[in-house]
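Asker: Per the numbering used here, residue 42 is the first one in the sequence shown, and the count goes up by one each step. A virtual CB, placed ideally from N, CA and C, is assigned to each residue, including glycine. Predicted, not measured: the structure shown is a model, and the values here were computed from it.
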Amino acid sequence: MSEKIKVKKPLVVLHGDEMAQVAFTEILARFVSLPLDIELVEIDLSAPKRFTSNGQVIHEAIAALKEHGVGIKNAGMTVNRAQLDDLLAKYPEITESSLDPLATKSPNGAIRKGISGNITREDIEFRNLKSVRPDWIDRDIEVDTMETGGLDFSYSELSNATGVAKVMFVGSSGDPIELHRRSLNKGDPWMLATNDLDEVKAWAHRFFQRAIAESRDIYLGLKDTVVSGYDGVMRAAIEEIYEQDYKDKVAAAGLSYHYELIDAQAARIVSNPPERALWGVPDNVSGMKLFKLVQQLKRYGLPERKAHVSISRMSAGGGDQYGSYNTPAPEQGVIKVIVDGEEKHARHVEAGDPILFMSNDREAIKDWVSQVFQDAALNKKEVYFGLKREFVNYDEVYSSIILEIRKELAALDTPPPSFMIMRPSRQLSKMICDPPRWGLYPAQNLDGDIFSDISAALGGSLATASSVIISKDGTKLFEAPHGTAHDLYVRYLETEGKEANFNSSALIFAVASALEELATREDNAALSDYAARLKTALIETVAQGIITGDLKGKTTSPETERIVDMHGFLDAIAENLRAQVAG
Numbered sequence: 042m043s044e045k046i047k048v049k050k051p052l053v054v055l056h057g058d059e060m061a062q063v064a065f066t067e068i069l070a071r072f073v074s075l076p077l078d079i080e081l082v083e084i085d086l087s088a089p090k091r092f093t094s095n096g097q098v099i100h101e102a103i104a105a106l107k108e109h110g111v112g113i114k115n116a117g118m119t120v121n122r123a124q125l126d127d128l129l130a131k132y133p134e135i136t137e138s139s140l141d142p143l144a145t146k147s148p149n150g151a152i153r154k155g156i157s158g159n160i161t162r163e164d165i166e167f168r169n170l171k172s173v174r175p176d177w178i179d180r181d182i183e184v185d186t187m188e189t190g191g192l193d194f195s196y197s198e199l200s201n202a203t204g205v206a207k208v209m210f211v212g213s214s215g216d217p218i219e220l221h222r223r224s225l226n227k228g229d230p231w232m233l234a235t236n237d238l239d240e241v242k243a244w245a246h247r248f249f250q251r252a253i254a255e256s257r258d259i260y261l262g263l264k265d266t267v268v269s270g271y272d273g274v275m276r277a278a279i280e281e282i283y284e285q286d287y288k289d290k291v292a293a294a295g296l297s298y299h300y301e302l303i304d305a306q307a308a309r310i311v312s313n314p315p316e317r318a319l320w321g322v323p324d325n326v327s328g329m330k331l332f333k334l335v336q337q338l339k340r341y342g343l344p345e346r347k348a349h350v351s352i353s354r355m356s357a358g359g360g361d362q363y364g365s366y367n368t369p370a371p372e373q374g375v376i377k378v379i380v381d382g383e384e385k386h387a388r389h390v391e392a393g394d395p396i397l398f399m400s401n402d403r404e405a406i407k408d409w410v411s412q413v414f415q416d417a418a419l420n421k422k423e424v425y426f427g428l429k430r431e432f433v434n435y436d437e438v439y440s441s442i443i444l445e446i447r448k449e450l451a452a453l454d455t456p457p458p459s460f461m462i463m464r465p466s467r468q469l470s471k472m473i474c475d476p477p478r479w480g481l482y483p484a485q486n487l488d489g490d491i492f493s494d495i496s497a498a499l500g501g502s503l504a505t506a507s508s509v510i511i512s513k514d515g516t517k518l519f520e521a522p523h524g525t526a527h528d529l530y531v532r533y534l535e536t537e538g539k540e541a542n543f544n545s546s547a548l549i550f551a552v553a554s555a556l557e558e559l560a561t562r563e564d565n566a567a568l569s570d571y572a573a574r575l576k577t578a579l580i581e582t583v584a585q586g587i588i589t590g591d592l593k594g595k596t597t598s599p600e601t602e603r604i605v606d607m608h609g610f611l612d613a614i615a616e617n618l619r620a621q622v623a624g
């Protein structure tokens, strides 16, 4: 056996859940521990460990990344109600009321915020994968969204001083109750949004009645896992109406109902559109983007994709819905925003109405825009921002920061990259329907999730995209953008490991990218060569037609494809890696 490559710097390894973790364990053993003499700082972020540590392992992961600077993260699951009940039963000494939110939520957002990092996701450049190009022209799909409420009817401002913002509620007692507070710096944007639960329910009735009348399968998409006090409230109200009033009618009409997180659902519908459907997106901001995209797809279809798509998601500031305070109104009353003792906005709400308050950090926005421009300048990309400046003060800060960064670059005699500012709906349409060869699409968290999932699905699979989180201090966390593959894991357990189906491409690429970064930091030529060969072995394996089932029929030569399971795919990569050394 050849001598191991010595690596001086440690690598932080964040473990995850389910089938992704099965693959990750084997990848680390075969492609990291076996050929390298390297210290791995391993932290278990599996759902059981997050639960039993009450989220403490997430803080340990953040500390390790800040100390060592380079890491790899596997996918971690958000614990649903049934899984939480199972964990509570397994660990009776732990009570639900004592749990920190980090004990059950996906660790992703907390880690991004903890290291002040932003995400860039882009295609892995496989030579022989063709883009998914379903026939969209005249496809009988309609998008239905609410005309009222939500972020389109929000109130937003830029903070004119550094201070404290409080969300106050005045109910039947007449006494103001503080629901939430957070610090704001001068120039930070903040926003208050609410929705009328009665209008949500009225929309739900119209939505289901329309689907039945027009004989359309029903799709509903929200982000209830992350924004549980807002989207989760709407989902609960809509599905209660479905169960009570429409479930039997839908079944009798021979129709089907599908709920999914909006990012995953958007990817599924755009890349594999149903024949005839009514797609309900109650959030009118996401809803209008997807309505306009579907109208364009139905008229012009999907172009042949020859573009390399990069999506930069702002995470570091903790802004938009992902960093929001969200909750249903406790009773009828008035919700107010008070900044340093001054009432800035107030509105009436009814009991149960979803409330959302969000803000962002101006300096974090500036760091993100700088990172976007640096990436674009270095890699010759065109930048397409999506902002609703003329209607939303919250978005105006991005526009002013873009101009600031341009002036700062000019002062350094550094030409800024080509860029355009357009409406967010146009940004999405541009990415899907009219992409340039090298486009970079900056987006906040929710849009970034939707955009990147659609792009990855059209590129072949979430397993054929790369993802890296980069912080201002240079910390880099490489990851696979896909989830934990729950369904594949269930089958893996049912067959006692005999059916191990999983596409490890994104995880292999993340490992190789992390090793490349370590090699650069310690000027390690042998490690750099190994990381490059590992990427080449991955690309060559797929080029040979050796693929996992999710890519079946998606290569340029379907007749030569050989479908293998997870182990067969990793075996083929290992063989191609050995062939490079032998050659």
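When you compare each of D402, M275 and Y363 to G321 by their alpha carbons, which one comes out closest?
Answerer: Closest option to G321, Cα to Cα, is M275.
Asker: Any beta carbon from chain B within less than 8 Å of N542's own beta carbon?
Answerer: The structure shown contains no chain B; it holds only a single protein chain.
Asker: How about N121 and H56: do their beta carbons lie closer than 8 Å?
Answerer: No, the pair does not count as a contact, with Cβ atoms beyond the cut-off.
Asker: Taking all protein chains shown into account, do 16 or more other C-beta atoms lie within 10 angstroms of the C-beta of Y132, making it buried, or fewer, making it exposed?
Answerer: When all chains shown are included, Y132 counts as exposed.
Asker: Count the other CB atoms, across all protein chains shown, that sit within 10 Å of the CB of E345; report buried if there are 16 or more and exposed otherwise.
Answerer: Label assigned to E345: exposed.
Asker: To the nearest whole angstrom, what separates the beta carbons of S157 and K333, a pair I think is in contact under 8 Å?
Answerer: That belief does not hold up - the Cβ atoms of S157 and K333 are roughly 33 Å apart, past 8 Å.
Asker: Could you tell me the distance, in whole angstroms, from the CA atom of M472 to the CA atom of E383?
Answerer: Spanning the two alpha carbons is a distance of roughly 42 Å.
Asker: What is the DSSP secondary structure of D475, counted as helix, strand or coil?
Answerer: Coil at D475, not helix or strand.
Asker: Could you tell me which of F519, F194 and A541 sits nearest to D528, measuring between CA atoms?
Answerer: With distances taken between Cα atoms, D528 lies closest to A541.
Asker: Counting C-beta neighbours from all protein chains within 10 Å, is the total for E316 16 or more, i.e. buried, or is it exposed?
Answerer: Exposed, by the Cβ-count rule.
Asker: In whole angstroms, what separates the C-alpha of I103 from that of L296?
Answerer: About 47 Å.
Asker: Helix, strand or coil for K47? Go by DSSP, reduced to three states.
Answerer: K47: strand per DSSP, three-state reduction.
Asker: Nearest to Y482 by CA position, among G270, L397 and E423, is which residue?
Answerer: Ranking G270, L397 and E423 by Cα distance to Y482 puts E423 first.
Asker: Write down the C-beta distance between Q628 and A392 rounded to the nearest angstrom, noting that I regard them as a contact closer than 8 Å.
Answerer: Examination of residue 628 is not possible in this model, given that the chain is present from 42 through 624 alone.
Asker: With respect to the alpha helix (DSSP H) encompassing N325, which residues constitute its N-terminal and C-terminal limits?
Answerer: Residues N325 to Y341.
Asker: Just the Cα atoms here: how many angstroms apart are F88 and N565?
Answerer: Here the sequence assigns Ala to residue 88, which means Phe is not the residue at that position. If you take the alpha carbons of A88 and N565, they lie about 36 Å apart.
Asker: So R388 is in the alpha helix (DSSP H); what residue range does that whole segment cover?
Answerer: Run containing R388: none in the alpha helix (DSSP H); it sits in the beta strand (DSSP E), E383 to V390.
Asker: Using 8 Å as the threshold, is the C-beta distance between V335 and I182 below it?
Answerer: Against a cut-off of 8 Å, the Cβ pair of I182 and V335 comes out as a contact.
Asker: Rounded C-beta distance between R603 and G590? I'm assuming under 8 Å.
Answerer: With a Cβ gap of about 11 Å, R603 and G590 do not count as contacting.
Asker: Between which two residues does the alpha helix (DSSP H) carrying V583 extend?
Answerer: It spans A566 to A584 - the alpha helix (DSSP H) in which V583 sits, taken as one unbroken run.
Asker: When you compare only the Cα positions, how much space is there between R23 and S269?
Answerer: The question about residue 23 has no answer here: the residues shown for the chain are numbered 42 through 624.
Asker: For V350, which of D164, K171 and P465 has the nearest alpha-carbon?
Answerer: Answer by Cα proximity: D164.
Asker: What residue does the alpha helix (DSSP H) around E316 start on, and which one ends it?
Answerer: Taken as a continuous stretch (DSSP letters only), E316 belongs to no alpha helix (DSSP H), as it is neither H nor E.
Asker: If you follow the beta strand (DSSP E) that K377 is part of, which residue opens it and which one closes it?
Answerer: Looking at the DSSP string, the run of the beta strand (DSSP E) that includes K377 is G374 to V380.
Asker: How many angstroms separate the CA atom of D475 from the CA atom of T186?
Answerer: Straight-line Cα distance between these residues: approximately 25 Å.
Asker: Determine whether the beta carbon atoms of K227 and A202 lie at a separation below 8 Å.
Answerer: Taking 8 Å as the Cβ cut-off, K227 and A202 qualify as a contacting pair.
Asker: Keeping to the same chain, check which residues put their C-beta closer than 7 Å to that of L618; ignore five residues upstream and five downstream.
Answerer: So the list reads R574, L575 and A578, once near-sequence residues are dropped.
Asker: Measure the Cβ-Cβ separation of A64 and F550 and say whether it is below 8 Å.
Answerer: It is not a contact, given that the beta carbons lie outside the stated cut-off.
Asker: Kindly indicate which three-state DSSP category H221 falls into: helix, strand or coil?
Answerer: In the structure shown, H221 sits in a strand (DSSP, three-state: E or B).
Asker: Of all the alpha helix (DSSP H) runs that stay within the bounds of the region 421-468, which reach a length of 4 or more residues?
Answerer: Qualifying alpha helix (DSSP H) stretches, in chain order: 434-452.
Asker: Starting from the C-beta of R257, find all residues in its chain whose C-beta is less than 6 Å away, skip the five residues before and the five after it, and write them out in chain order.
Answerer: R317, A318 and L319, listed in sequence order.
Asker: Is it true that the CB of V98 sits closer than 8 Å to the CB of L86?
Answerer: Contact flag set, yes.
Asker: Could you check what DSSP says for N201 in three-state terms: helix, strand or coil?
Answerer: Three-state DSSP puts N201 in coil, outside helix and strand.
Asker: Let's test the definition: count the other Cβ atoms within 10 Å of the Cβ of P369 and tell me whether it reaches 16, buried, or not, exposed.
Answerer: With 16 or more other Cβ atoms within 10 Å, it is buried.
Asker: Report all residues from its chain with a CB closer than 6 Å to the CB of L81; omit the five preceding and five following residues, and keep chain order.
Answerer: Only L52 and V54 meet the Cβ criterion.
Asker: By the 10 Å Cβ neighbour count, where 16 or more other Cβ atoms means buried, how is M42 classified, buried or exposed?
Answerer: Below a pLDDT of 50, predicted positions are generally treated as unreliable, and M42, at 47, falls in that range; the measurement from the model is reported next regardless. By the neighbour-count rule (16 or more Cβ atoms within 10 Å), M42 is not buried but exposed.
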